[in-house]
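A.B. asks: Quick note on numbering: the sequence shown equals residues 135 to 364 in the working numbering.
I'd like to ask you about the structure that follows.
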Amino acid sequence: YGLVSDPATIEHQLNSLAGVLPQEALKLLSDQLHTLVAAPRGKLGFGLLVSLLIALWSATSGTGALMQALSVAYEERDNRGMLSFYGLAIALTVGIGLFALLSLFLIAVVPAIIDLLPFSEVWRDRISMIRWPLLAILALAALGFLYRYAPARERPCWHCFSAGTIAAAVLWLVGSAGFSFYVARFSSYDKTYGSLGAVVILLMWFYVTTYIILAGAELNSEIEKTRARH
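Dropping the structure here:
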């Protein structure tokens, strides 16, 4: 962010994620953006490179585990070679990263752009609402792409608008909002984990998201088997 945009503006627009992303996780992202704002431009280049390499290595491991879990959900044996498996894992990791950036663009950057348009406040609000259906379509496309390429399947098919994909997208939105409400009202992660509470909450949110993705894959798998028997 420090290289390609104004972090202060992005941080302000991150408030749009309140109610979906847990508040502590949102604060963690906000604190990181504050660090970027204060960092000299010369250090951002090297820091960005190191951060990207570490993030790519960590995220690829998580994506690989998700690929294996999706293969189990579709009851398929994963016979892919190491190069093929990790090459696909890296590609999917980059794809997930692009989805995250596009989502952040729709949620955080688009409102800032709309505020600059020479329209009345009513029209700006109406135009701003378009981003949510676009985000839903983007989530469906991302899930369909993941269900198509992540598992090891002999005859893969697209699931962009299947029951499992739609259910996963809806569950993710509802589950994220519910988890955010639970963390804000009932949990005590900060008392248990101290300064690591925000990190623990963010990891728990990833954990819930992963299970929702697997639930959608299980539903798609069962529907496919039912159709094959008839």
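Glycine included, every Cβ here is placed at the ideal spot set by N, Cα and C.
Computed from a prediction, not measured in an experiment: that's the story for all the values here.
Rounded to whole angstroms, what is the Cα-Cα separation between Ala193 and Leu348?
C.D. replies: Position 59 of the sequence shown, counted from the first residue, corresponds to residue 193. Position 214 of the sequence shown, counted from the first residue, corresponds to residue 348. Approximately 17 Å between the Cα atoms of the pair.
A.B. asks: Which one of Gly229, Trp191, Leu274 has the shortest CA to CA distance from Val304?
C.D. replies: Within the sequence shown, numbered from 1, the residue matching residue 304 stands at position 170. Ranking the options by Cα distance to Val304, first place goes to Leu274.
A.B. asks: What residue range does the alpha helix (DSSP H) around Leu272 cover?
C.D. replies: In the sequence shown, the residue the question calls residue 272 occupies position 138. It spans 265 to 283 - the alpha helix (DSSP H) in which Leu272 sits, taken as one unbroken run.
A.B. asks: Compare the Cα-Cα distances from Thr344 to each of Leu186, Asp212, Gln202, Asp249 and report the closest residue.
C.D. replies: Position 210 of the sequence shown, counted from the start, is the residue given in the question as residue 344. Answer by Cα proximity: Gln202.
A.B. asks: Confirm, please, whether the CB-CB distance from Glu358 to Arg287 is below 7 Å.
C.D. replies: On the sequence shown, position 153 is the one that residue 287 refers to. On the sequence shown, position 224 is the one that residue 358 refers to. The answer is no: Cβ separation not under 7 Å.
A.B. asks: Confirm, please, whether the CB-CB distance from Tyr281 to Phe351 is below 7 Å.
C.D. replies: Indexing the sequence shown from 1 puts residue 351 at position 217. Indexing the sequence shown from 1 puts residue 281 at position 147. Contrary to the premise, residue 351 reads as Ala rather than Phe in this sequence. Yes, the pair counts as a contact, with Cβ atoms nearer than the cut-off.
A.B. asks: What is the residue span of the alpha helix (DSSP H) that Phe219 lies within?
C.D. replies: For the purposes of this step, residue 219 is taken as the residue at position 85 of the sequence shown. Where Phe219 is concerned, the enclosing alpha helix (DSSP H) stretches over 216 to 238.
A.B. asks: How long is the line joining the alpha carbons of Ala362 and Ser262, rounded to whole angstroms?
C.D. replies: In the sequence shown, counting from the first residue as 1, residue 362 sits at position 228. In the sequence shown, counting from the first residue as 1, residue 262 sits at position 128. Taking the straight line joining both Cα atoms gives about 43 Å.
A.B. asks: Using 7 Å as the threshold, is the C-beta distance between Gly298 and Asn354 below it?
C.D. replies: Here residue 298 refers to the residue found at position 164 of the sequence shown. Here residue 354 refers to the residue found at position 220 of the sequence shown. Yes, these two residues count as a Cβ contact at 7 Å.
A.B. asks: Which of the three DSSP states, helix, strand or coil, is assigned to Asn213?
C.D. replies: The sequence position of residue 213 within the sequence shown is 79, counting from 1. Coil, per DSSP.
A.B. asks: When the Cα of Thr197 is compared with those of Asp249, Ser310, Glu255, Tyr220, which residue comes out closest?
C.D. replies: The sequence position of residue 197 within the sequence shown is 63, counting from 1. It is Tyr220.
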